[in-house]
Structures are given as C-alpha cells and as structure tokens.
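Each remark here refers to the structure printed beneath this line.
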C-alpha cells in the first residue's frame with residue numbers, strides 16, 4: 063500500500079498521477095488526496111517560492127478515476143499574497159478545480175480566536191470510530207488512524223449529526239505539513255450520515271478551508287477533527303469542520319456541500 067509520503071515524493075505535475083486503489087472512496091480518489099495533490103501542484107509551479115497556504119476552495123465536479131493530471135497556473139503574485147488555480151482532469155473531463163491563496167502574515171492590530179475546543183479524552187483512551195466491516199467502507203481509511211473522541215457515528219441516529227475523532231496519518235513522515243493536513247482534514251465521512259438508516263452513496267461537491275496558523279504541527283501528530291452537519295434538505299447537506307492540534311490550537315476551519323442519495 064503506497065503511503066502518503068511515497069505518493070508525494072513520486073508526484074510529477076508534468077505526468078499523469080495514477081490513483082492507487084488503496085486511496086479511493088467508492089469509484090473516485092479520496093477527496094482529501096485530490097485536494098492535497100492540487101496544493102502540491104501549485105507549490106511546484108515555476109517562480110519564486112510561494113508563501114504559506116492560507117485559503118483554498120475545491121470544486122469536485124466528477125470522479126477522479128484511475129489516473130489524473132494536475133495543471134496549476136499562477137494567477138497573480140502580490141507583495142503578500144499569491145493566487146493559484148489548479149485544474150484536475152480525469153477520464154477526459156474536468157474532475158476538480160482548486161482556487162488557492164498563499165499569503166504571508168501582515169502586521170495587524172486585530173486578533174481574536176473564538177474557536178473553542180471540545181473537552182475530549184486523549185487518543186489512547188478512545189475506542190474505534192465506526193464499524194470496520196461496514197459496507198461501502200472507503201479504501202483510503204486504512205491510511206489513517208482514527209478513534210472516536212465524542213459525538214455520534216455513521217448510522218448512529220442518537221443525537222446531533224456531529225462526528226468528533228482523533229485522526230493521524232499512517233506513513234506521512236517527511237511530508238510537507240500543509241500537504242499532510244489538507245489530506246487529513248477530509249478523513250471523516252460526511253456528518254449527515256449519522257442520520258442514515260442504511261448506507262447510501264454520498265459525494266462531496268465543494269470544500270472550502272482556511273488555514274488558521276503558519277505554525278503547523280508535524281504531519282504524523284494526532285489531530286482532533288470535528289464535522290457537524292448544520293443543514294440537510296433536498297438531497298444536499300452543509301457541514302462545518304474544524305481541525306485542532308493536540309495543544310487545542312485551531313489549525314483548519316472548513317465547510318463542505320455534500321450530495322446524498324438517501
């Protein structure tokens with residue numbers, strides 16, 4: 063099974079990226095992997111080194127099946143911020159589009175952090191998240207350690223549709239922390255699946271994220287990931303997501319629109 067470190071070290075933006083079956087969810091590549099490879103393609107564009115990633119929007123319009131190409135283009139490079147677009151093509155069609163903002167810190171008198179971290183047990187005191195034998199279990203989850211820190215689980219139907227889990231990569235040693243975190247921040251299933259009575263297809267359509275700090279944790283550290291479905295109707299769900307490090311610092315805040323066929 064290729065690790066994230068192996069996929070990153072072997073990535074060449076001028077060649078097709080072959081999607082390992084161990085990194086899929088259903089018939090498509092794991093969305094976190096597609097997003098992470100988009101960021102990597104942007105980092106590898108010609109020119110001066112980009113600042114740290116600050117904001118990203120991913121539109122996931124079609125399955126990334128078997129192989130894909132990632133084409134990155136710098137749109138503008140300012141004094142403190144640069145914008146990059148990345149187009150992912152798979153199966154002869156645009157499968158994903160990323161709009162990325164890389165930005166340096168700027169002096170500012172305004173600062174606040176209202177992202178409260180939940181009180182949860184340490185990872186070693188938590189049990190498994192979900193059922194390892196569940197049908198439609200995505201293959202990519204074998205690349206992530208995941209334990210339940212609170213909330214409910216898919217098909218749980220025992221409270222608010224909110225998942226809370228400690229997560230960390232298997233095999234991410236030496237990976238750029240930004241790449242590793244983007245690949246990790248989508249690891250939980252959509253929170254609306256807590257209300258499912260049986261498994262049904264789901265698909266993330268869009269994902270927007272904000273990097274809260276440039277002081278990123280190691281790519282192999284435990285991270286606390288929360289996903290909460292705030293509104294679901296007419297076959298679509300909106301969810302809010304937060305990723306904290308083990309010191310309870312918010313690292314990523316994100317939101318997704320998910321299509322569901324249940």
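Numbering (the numbering used here), first residue to last: 63 to 324.
Yeah, the Cβ is synthetic: ideal placement off N, Cα and C, and Gly gets one too.
Identify every residue that forms a DSSP beta bridge with residue i.
| i | result |
| --- | --- |
| residue 189 | 210 |
| residue 268 | 121, 319 |
| residue 228 | 209, 286 |
| residue 273 | 314 |
| residue 303 | 289, 316 |
| residue 198 | In the DSSP output, where bridge partners are listed per residue, residue 198 has none listed. |
| residue 115 | 164 |
If I follow the unbroken alpha helix (DSSP H) through residue i, where does it start and stop?
| i | result |
| --- | --- |
| residue 172 | Element bounds for residue 172: n/a, residue is neither H nor E. |
| residue 134 | No alpha helix (DSSP H) contains residue 134, which is instead part of the beta strand (DSSP E) from 129–139. |
| residue 125 | Careful: residue 125 lies outside any alpha helix (DSSP H) and carries neither H nor E. |
| residue 245 | 239–246 |
| residue 68 | 66–71 |
| residue 152 | Run containing residue 152: none in the alpha helix (DSSP H); it sits in the beta strand (DSSP E), 143–152. |
| residue 102 | 93–105 |
Just mark residue i as buried or exposed, buried being the case when its beta carbon has 16 or more other beta carbons within 10 Å.
| i | result |
| --- | --- |
| residue 125 | buried |
| residue 288 | buried |
| residue 169 | exposed |
| residue 173 | exposed |
| residue 213 | buried |
| residue 262 | exposed |
| residue 313 | buried |
| residue 158 | buried |
| residue 307 | buried |
| residue 77 | exposed |
| residue 164 | buried |
Can you tell which of the options has the C-alpha that lies nearest to the C-alpha of residue i?
| i | options | result |
| --- | --- | --- |
| residue 215 | 239, 242, 255 | 255 |
| residue 73 | 93, 131, 120, 226 | 131 |
| residue 298 | 161, 144, 319, 248 | 319 |
| residue 106 | 277, 258, 146, 92 | 146 |
| residue 199 | 165, 292, 252 | 252 |
| residue 155 | 93, 122, 317 | 122 |
| residue 191 | 228, 183, 205 | 228 |
| residue 243 | 181, 224, 304, 141 | 304 |
| residue 249 | 80, 82, 97, 64 | 97 |
| residue 301 | 221, 284, 321 | 321 |
| residue 151 | 100, 180, 323, 137 | 100 |
| residue 208 | 295, 108, 284, 292 | 284 |
| residue 222 | 171, 293, 185, 282 | 293 |
Which class does residue i belong to by DSSP, given the choice of helix, strand or coil?
| i | result |
| --- | --- |
| residue 288 | strand |
| residue 162 | strand |
| residue 203 | helix |
| residue 83 | helix |
| residue 259 | coil |
| residue 253 | helix |
| residue 90 | strand |
| residue 278 | coil |
| residue 294 | strand |
| residue 179 | coil |
| residue 157 | strand |
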